[in-house]
Amino acid sequence: MVEPASAPPVAARLFDSPALRQLLLAMVASLGYLMVGLVRGFSSPGVPSMRQRDPHLLEAPGAVSWISSIPPLGACVGSLVAGPLLQRAGRRRTLLLSAPLALGSWVALALAQSYGALLTARILTGFCAGLVIPSAQVYVSECARPSARGVLGSLPALFMSAGILLGYVVGALVPWRWLAGASALCPAALLALLLPLPESPSWLSARGRTRDAEAALSWLKRPPLTPAPHALPLAPLQGGAAAEKGGAAGGAGTAGGGVTLQGLLQRSVLVPFGLSLALMVFQQLSGIDAVVFYTVEIFEAAGGGVPEHVAAAAVGAVQLAANGVALLAVDRAGRRPLLLASSAVSAVAMAALGAYFYLLEHGRAEGLGALPLASLIVFMVGFSVGLCTLPYLMMSEMLPAVQRGVLSSAAGSFNLAVMFLVIKTFHDLSGALGEAGAFWVYASLCVASCVFVLVCVPETKGRSLEEIQAHFERRHVAADGDHRTEAAALEKGLVLEKAPALEKAPALEKAPALESAPASAPDQYERTAAEDGNDTARARKDDAAKSEDEKPEDTEQKGREENHVDSEHRTET
1 MVEPASAPPV
11 AARLFDSPAL
21 RQLLLAMVAS
31 LGYLMVGLVR
41 GFSSPGVPSM
51 RQRDPHLLEA
61 PGAVSWISSI
71 PPLGACVGSL
81 VAGPLLQRAG
91 RRRTLLLSAP
101 LALGSWVALA
111 LAQSYGALLT
121 ARILTGFCAG
131 LVIPSAQVYV
141 SECARPSARG
151 VLGSLPALFM
161 SAGILLGYVV
171 GALVPWRWLA
181 GASALCPAAL
191 LALLLPLPES
201 PSWLSARGRT
211 RDAEAALSWL
221 KRPPLTPAPH
231 ALPLAPLQGG
241 AAAEKGGAAG
251 GAGTAGGGVT
261 LQGLLQRSVL
271 VPFGLSLALM
281 VFQQLSGIDA
291 VVFYTVEIFE
301 AAGGGVPEHV
311 AAAAVGAVQL
321 AANGVALLAV
331 DRAGRRPLLL
341 ASSAVSAVAM
351 AALGAYFYLL
361 EHGRAEGLGA
371 LPLASLIVFM
381 VGFSVGLCTL
391 PYLMMSEMLP
401 AVQRGVLSSA
411 AGSFNLAVMF
421 LVIKTFHDLS
431 GALGEAGAFW
441 VYASLCVASC
451 VFVLVCVPET
461 KGRSLEEIQA
471 HFERRHVAAD
481 GDHRTEAAAL
491 EKGLVLEKAP
501 ALEKAPALEK
511 APALESAPAS
521 APDQYERTAA
531 EDGNDTARAR
541 KDDAAKSEDE
551 KPEDTEQKGR
561 EENHVDSEHR
571 TET
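Residue numbers (the UniProt record's numbering): 1 to 573.
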């Protein structure tokens with residue numbers, strides 16, 4: 001049967017699917033994280049290749065550790081620069097800016113002929129990674145619908161694992177210069193595919209560009225082109241727009257785009273920001289980047305008979321597969337359970353790897369040659385299901401919309417600074433404590449991560465960004481209310497202590513008679529405030545004051561009495 005001519009093609013119907021459009025956007029943005037994975041995975045196969053083909057590049061003292069650890073320093077700077085760019089230029093434009101810079105830095109790395117040129121190129125690749133890390137994560141989270149944000153928000157981490165694996169595999173097959181040249185294809189693809197995509201509707205709305213935000217929502221979710229369908233999606237965003245415009249009115253001293261110092265210091269901002277920083281710290285202190293950057297060296301030191309590059313590729317493949325599992329589980333199992341399981345499994349794996357090196361140092365590791373590979377595979381599985389993906393995802397979920405760009409870049413920069421310290425100090429830590437001691441330190445920090453998540457981290461599964469922000473704002477208001485209640489209770493301590501005595505006072509026994517005397521009614525209600533409660537006494541006093549129409553001066557007296565009811569209580573007592 002011939003299909004009617006009016007029916008759209010199958011491809012067109014598929015592309016009209018909101019889920020497919022959001023998935024395509026998330027995958028294109030995640031190409032930036034594929035580039036980040038290539039930056040992280042370069043040194044493990046690249047440094048051994050340099051030793052064989054260009055040993056003069058590694059003659060400087062500490063050259064290997066600097067070549068491996070310098071990209072996070074560049075990324076730290078790039079992440080700080082990304083903050084103002086995210087606020088002023090937007091999420092998509094910041095990603096677009098990173099692509100040509102990354103393309104040039106990879107080409108410069110492939111052509112480097114000196115140690116200085118090599119370090120400069122590595123710093124530039126790290127700088128571009130720093131631009132990408134907060135930009136892509138925030139862009140994907142703000143464009144995804146709440147029910148799919150966990151899956152789509154985990155795609156960047158999945159692509160980063162794919163980039164690490166790609167670097168391991170290609171680096172095992174070709175020299176390091178060819179690896180750098182091949183890596184340049186990733187930012188080129190990002191630049192080409194990102195151009196037709198829309199900007200984040202949250203950012204557009206926060207800038208007051210309502211029509212552009214509606215157009216972006218239409219591209220992402222395909223609602224009917226009428227005002228009504230857009231009213232609900234845009235309603236929560238208008239709060240962010242108003243807040244940002246209000247902050248912009250502050251003018252000087254802003255971090256860009258209406259972010260004020262006063263706004264940053266609110267408890268409803270500091271609490272989620274502190275949680276984000278803590279998750280970033282525990283992510284890095286698990287030892288993940290010591291493993292990623294020195295995988296080949298770790299297997300060389302462990303022995304075991306498995307070829308180093310094969311073992312490294314196996315670890316990378318397992319990490320990629322585990323990230324895929326985490327992507328499917330994050331919106332089903334929830335954030336907290338995955339973080340708890342991730343920290344616990346990572347701790348066990350690091351403890352086992354440390355035990356192997358301890359036995360190796362004492363000559364009792366015979367028959368345990370497969371334990372290092374098994375331990376690192378288990379570690380990658382444990383790390384990937386939670387600690388790998390969720391810190392950045394939860395950061396983009398918990399941070400308020402107005403401050404999200406600036407604070408996410410600051411958190412990303414902090415994460416990269418900790419990454420640099422972990423990578424740079426791995427050899428020093430291993431030299432001071434031995435490989436066994438180093439991995440046991442990482443294991444203990446994974447246990448600390450488990451405790452922190454159990455005690456402090458809230459669940460954000462299935463909640464919209466606005467609901468999560470409202471959660472922290474309610475906690476802020478509740479905390480302020482508790483402080484005010486406590487202060488009021490302290491001020492009223494004397495009255496509360498005297499209340500039992502007042503119940504037996506003769507004046508209170510004559511209260512019914514006093515009600516018939518309008519002139520003295522307000523005073524009588526002041527005396528009974530301790531017994532009836534402030535709210536009831538004020539209501540009764542209002543009624544009494546209204547009955548005294550012939551005395552207008554009593555209205556002013558009533559206002560003074562309401563504002564100073566506590567001091568009046570103490571006076572009457």
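For each residue, glycine too, the CB sits at the ideal point set by N, CA and C.
Shown here, A184 sits in coil according to DSSP, grouped into three states, outside any helix or strand. S342 sits close to L387, with the two beta carbons spaced by under 8 Å. Beta-carbon to beta-carbon, S413 and G130 are separated by about 7 Å, close enough to satisfy the 8 Å threshold. In the structure shown, D331 adopts helical secondary structure according to DSSP, grouped into three states. Bounds of the alpha helix (DSSP H) holding D289 are I288 to F293. DSSP, read as helix, strand or coil, puts L387 in coil. The continuous alpha helix (DSSP H) containing G116 extends over residues Y115 to C143. In this structure, DSSP gives P196 a state outside helix and strand, which the three-state scheme calls coil.
Collapsing the DSSP output to three states places S17 in coil. For the pair V385 and A448, the CB atoms are not nearer than the 8 Å cut-off. Here the alpha carbons of A352 and S17 stand approximately 47 Å from one another. Taking 8 Å as the cut-off, the Cβ atoms of S444 and F383 do not count as close. T210 sits in a helix when the DSSP states are folded into three classes.
In this structure E142 is buried. Its beta-carbon is surrounded by 16 or more other beta-carbon atoms within 10 angstroms. Taking the Cα positions, G208 is about 16 Å away from Q403. Under the three-state reduction of DSSP output, Q87 falls in the helix class. The alpha-carbon separation between S430 and G90 amounts to approximately 43 Å. The three-state reading of DSSP puts V402 in coil, since its state is none of H, G, I, E or B. Closest option to V292, judged by alpha-carbon separation, among A26, V36 and L58: V36. In the DSSP annotation of this structure, S147 is not part of any alpha helix (DSSP H), being labelled neither H nor E. When the alpha-carbon of A188 is set against those of S105, T120, L111 and G116, the nearest one is in S105. Between G462 and S147, the gap from beta carbon to beta carbon is short of 8 Å.
L20 counts as exposed, since fewer than 16 other beta carbons sit within 10 angstroms of its beta carbon. Straight-line spacing of the CA atoms in V169 and M394 works out to 31 Å. Comparing alpha-carbon positions, the option among Q469, E435, P71 and R53 lying closest to E297 turns out to be E435.
Bounds of the alpha helix (DSSP H) holding A278 are R267 to L285.
Assignment of K461 by DSSP, reduced to helix, strand and coil, places it in the coil class. Each of V310, L194, E466 and G437 was checked against the Cα of L24, and the nearest Cα belongs to L194. With fewer than 16 other beta carbons inside 10 angstroms of its own, S114 counts as exposed. Here E300 is exposed: its Cβ has fewer than 16 other Cβ atoms, across all protein chains shown, within 10 Å.
Remark: C-beta atoms of G181 and A121 do not approach each other more closely than 8 Å.
Shown here, V296 sits in a helix according to DSSP, grouped into three states.
The Cβ atoms of P198 and A215 sit closer than 8 Å to each other. Within the same chain, and ignoring the five residues on either side of G354 in sequence, the residues whose Cβ sits closer than 6 Å to its Cβ are A436, F439 and W440. A direct Cα-to-Cα measurement between A102 and G367 gives close to 46 Å.
Per DSSP, reduced to three states, the secondary structure at H309 is helical.
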